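Protein chains in written order, with the numbering used here: chain A, 2 to 374; chain B, 269 to 718. Think of the CB as a built atom: it goes at the ideal place given N, C-alpha and C, for glycine as much as any other residue. If you're wondering where the values come from, they're calculated on a predicted model, not measured in any experiment.
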């Protein structure tokens, strides 16, 4: 074969190899051929026995983001015996690939909470793409309604449902956050109960309300925490700042703004004494509103007034939880971790917990009256 | 009257140079004294010839005194062999025959002596003038900036058709003798038909046909040359080229601008950071776009993912064809604006950059995010101070693009690791290409035992 012929052959083979480049890899799927799932709602099914109704909130991408008034969503709902089946069926209802990678909220119906949580959440915890980023919440109404609800404050290319939870948007002590991995860990471990935020919405005014929470109990009815209890619990366990507190004494009204919360506790089991938990709480803040002129030298007095009052509220929270025999603080987990382990440890704790005493030391430290002197 | 004849050598030479019209073979004659001149008129400085040779001839009393005068001229060189003589004559040497003696004088006329402005590597501070196309002027410029007796200049005559002078400059006290030997060997072994410029020479010094990265550095800045001389590197100067070659080089040499030495620390640190960010942006961004939009859209923030997805509505081709398409046009644009005359240049950029970009988006041929990506890439390519490196980077990012189009994010990572492996295995005259400048080779080898 002559040299020129060889050259020509080589040239064409290279050309054909380059043409191969236009064939993309097998996982190649353009972003416009995918549809993003932004929220999953799970309700008990009305048509399928022991089944679930799964609702997917899907984002409709807009060509001109700036020109749109609000993010366009569409919803898919389907009944099936299990979550995986429902989602698999729904794949046949859209022309695009369901992309779960951006799903950051799973909303559960309240009725499902007393069911076998482990099995129906299994599908999600097994998905590598969402297990570390998804928040779990409970719907006050049905999950389907909550997921399909679009508040007025939702501009295009954002989603309100999880702006609540990731601390990039609102930061409030009323909003509790539970990740999917946390949820699974706490559901499965003994000595701690999971707390989930409750999402409610106002139909007329078109906004979400997230200020309550619910404590799960394995196979039993969950315990709902009130707004105030949620605030106290959240500030203690997650050291949430922006905590405001109102004191009323005689005709003095004070609103404190707490920036810093620290909580330590110790489980003390001494021979001959009733078991108790010593809890020390430190809060640092300023006075943000007052009906009277305040003097910096009186700060110690306000510290004391606030401490006594807040202590009562914390005690109320702790005893409520104790009476309902739920333990979202994880005292039991601490007990298991710090005592010599044997097979009865958790039973022992279950015996101790209902009669344990709480000894709360509250330390409020106001830095200033907040006013410009 | 008895008339002296020119020596037979002259006739032989005349035969060789015929039928060139600029060949001059002329006798000087006065009172029985004879001298014969042989030179090429177009390359010899006539004025100097008149002043230093012809005029003294008529003022001297005897042939002997003229012979000794010529003999003591500083620009006289010894007679070489006949082949070399022909080359020298064509470079502007003058052959003088007096009696039985034949002398060779360097009376060259060099018209490209002016010092050029630094065009390729401009800086805000620092010298604004570069080198000259004449080798003597270039060496002069370098010597005037580096007054050290240890600065050696060795001239080698290239072996090709142009027979250019090539000079090696190095600081004898600082240069690594093994490396110097290697450079000389390479220059002697050089086998090329025609050598035109420093770029040419560099091409032949870079071993292997398929090289991605340059293993020598071309510069026009005298301050960079002096800086490198002082660091024990060898400078190769080639006659007729305003650039010189610096060997050996490491990767980080290509990423440093001389201006780094002229600013305060914070400014330098910031610009270096900026430059390396630019480097990574222009290597990775196009492939990252493909990998992220077509394989792993979950890497993006949701807001961005939705915007990208919205931007791609109606775009007919998959993302990697979109990127290839846009990169192709940007490359065309860069290439065009480089070759165009300065007057038309800005028109080309405006038409290409602005109009094409907007129109392509409006025609839904590309997404507007793509236009941003491509412009960011195009701009950051220019941040790399040495042009050859930015040319290399332009090629490399296409290769990474292929990887990421085929295997997504994983492909991009594998491709990038491959790129680093390539850099690590490369060397420039015995110096590892990715050598960390402030750690010696031995220290680097001991790294893993720490």
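If you draw a straight line from the alpha carbon of residue i to that of residue j, how long is it in whole angstroms?
i	j	result
residue 332 (chain A)	residue 269 (chain A)	11 Å
residue 592 (chain B)	residue 501 (chain B)	40 Å
residue 546 (chain B)	residue 656 (chain B)	16 Å
residue 499 (chain B)	residue 443 (chain B)	8 Å
residue 307 (chain B)	residue 437 (chain B)	31 Å
residue 134 (chain A)	residue 215 (chain A)	21 Å
residue 558 (chain B)	residue 587 (chain B)	6 Å
residue 377 (chain B)	residue 322 (chain B)	17 Å
residue 598 (chain B)	residue 622 (chain B)	11 Å
residue 303 (chain A)	residue 267 (chain A)	27 Å
residue 312 (chain B)	residue 479 (chain B)	42 Å
residue 257 (chain A)	residue 174 (chain A)	14 Å
residue 398 (chain B)	residue 505 (chain B)	13 Å
residue 343 (chain B)	residue 360 (chain B)	12 Å
residue 275 (chain A)	residue 221 (chain A)	28 Å
residue 208 (chain A)	residue 312 (chain A)	33 Å
residue 387 (chain B)	residue 654 (chain B)	12 Å
residue 410 (chain B)	residue 403 (chain B)	11 Å
residue 608 (chain B)	residue 600 (chain B)	12 Å
Excluding the 5 residues preceding and the 5 following residue i in the sequence, name in chain order all residues of the same chain whose CB lies nearer than 7 Å to its CB.
i	result
residue 317 (chain B)	362, 375
residue 75 (chain A)	59, 61
residue 527 (chain B)	391, 392, 393, 394
residue 345 (chain B)	372, 374
residue 521 (chain B)	485
residue 163 (chain A)	105, 106, 136
residue 6 (chain A)	none
residue 551 (chain B)	661, 664, 665, 668
residue 153 (chain A)	207, 208
Cutting at 6 Å between CB atoms, please list the residues of its own chain near residue i, excluding the five before and the five after it.
i	result
residue 220 (chain B)	Lying before the first or after the last residue shown, residue 220 (chain B) is absent from chain B, which here runs from 269 to 718.
residue 389 (chain B)	489
residue 423 (chain B)	433, 435
residue 150 (chain A)	202
residue 405 (chain B)	381
residue 419 (chain B)	439
residue 310 (chain B)	290
residue 179 (chain A)	137, 197
residue 496 (chain B)	514
residue 270 (chain B)	Below a pLDDT of 50, predicted positions are generally treated as unreliable, and residue 270 (chain B), at 48, falls in that range; the measurement from the model is reported next regardless. Once the five neighbours on either side are set aside, residue 270 (chain B) has no close Cβ partner at all.
Answer with buried or exposed for residue i, where buried requires no fewer than 16 other C-beta atoms within 10 angstroms of its C-beta.
i	result
residue 535 (chain B)	exposed
residue 157 (chain A)	buried
residue 112 (chain A)	exposed
residue 145 (chain A)	buried
residue 355 (chain A)	exposed
residue 538 (chain B)	exposed
residue 230 (chain A)	buried
residue 342 (chain A)	exposed
residue 541 (chain B)	exposed
residue 169 (chain A)	exposed
residue 189 (chain A)	exposed
residue 415 (chain B)	exposed
residue 447 (chain B)	buried
residue 251 (chain A)	exposed
residue 673 (chain B)	buried
Taking Cβ positions only, does residue i come closer than 8 Å to chain E?
i	result
residue 357 (chain A)	Looking for chain E here will not work: the only protein chains present are A and B.
Beta carbon of residue i: closer than 7 Å to some heavy atom of the ligand MN?
i	result
residue 452 (chain B)	This structure lacks the ligand MN; in fact it carries no ligand of any kind.
Tell me which same chain residues have a C-beta within less than 8 Å of the C-beta of residue i, skipping the five on either side of it?
i	result
residue 518 (chain B)	696, 699, 700, 701, 702, 703, 705
Item to complete: For the segment 93-105 of chain A and the segment 190-199 of chain A, state whether three or more C-beta atom pairs, one from each stretch, are separated by less than 8 Å.
Response: no
Fill in: beta strand (DSSP E) runs contained entirely in the segment 301-359 of chain B, provided each spans 3 or more residues
301-308
Worksheet item: What residue ranges within the segment 219-276 of chain A form continuous alpha helix (DSSP H) runs of no fewer than 4 residues, ordered along the chain?
Response: If you keep only unbroken alpha helix (DSSP H) runs of at least 4 residues inside the segment 219-276 of chain A, you get 228-239.
Worksheet entry | Minimum length 4: unbroken alpha helix (DSSP H) runs contained in the segment 489-542 of chain B | Taking only runs of at least 4 residues, the alpha helix (DSSP H) segments lying wholly in the segment 489-542 of chain B are 490-498, 519-522.
Worksheet item: Taking only runs of the alpha helix (DSSP H) that begin and end inside the segment 379-440 of chain B, which ones reach a length of at least 4 residues, in chain order?
Response: 403-413
Worksheet item: Does the count of Cβ pairs from the segment 572-580 of chain B and the segment 42-56 of chain A closer than 8 Å reach three?
Response: no
Worksheet item: So, do the segment 71-85 of chain A and the segment 154-174 of chain A have three or more beta carbon pairs nearer to each other than 8 Å?
Response: yes
Fill in: Unbroken stretches of the beta strand (DSSP E), 3 residues or longer, contained in the segment 44-116 of chain A
53-61, 73-81, 98-100, 106-110
Worksheet item: What runs of the beta strand (DSSP E), each 3 residues or longer, lie entirely inside the segment 130-177 of chain A?
Response: For the segment 130-177 of chain A, whole beta strand (DSSP E) runs of length 3 or above, ordered along the chain, are 136-140.
Worksheet item: Contact between the segment 644-652 of chain B and the segment 558-568 of chain B: three or more CB pairs below 8 Å?
Response: no
Discussion item. Pairs of beta-carbons, one from the segment 272-281 of chain B and one from the segment 294-305 of chain B, closer than 8 Å: are there three or more?
Written reply: yes
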